[in-house]
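Read left to right, the sequence shown gives residues 235 to 281 (our numbering). Here a beta-carbon is modelled for each residue, glycine too, at the ideal position from N, C-alpha and C. Taking it in order: structure first as structure tokens, then the write-up.
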Amino acid sequence: MLAAIEAVLVAKGLPQRQREAVMAATTENLTQRKLKVSRSRSSSARN
């Protein structure tokens, strides 16, 4: 997924520094989503 996002950014001609910033934010966002889903699943398993 991250490779596809980076490919789009390259195709749009974003400079490397901007791509790096976008990729860092995207990685953080995906990590937070993964944690949220993981917590949700573990709490629903307890009920």
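With a threshold of 7 Å on Cβ separation, who are the neighbours of residue 260 within its own chain once the five nearest residues in sequence on each side are excluded? 236 and 239
Distance, Cα to Cα, residue 270 vs residue 258? 18 Å
Within a Cβ cutoff of 6 Å, which residues of the same chain sit near residue 253, ignoring the five residues on either side of it in sequence? 243
What did DSSP end up calling residue 268 once you bin it into helix, strand or coil? helix
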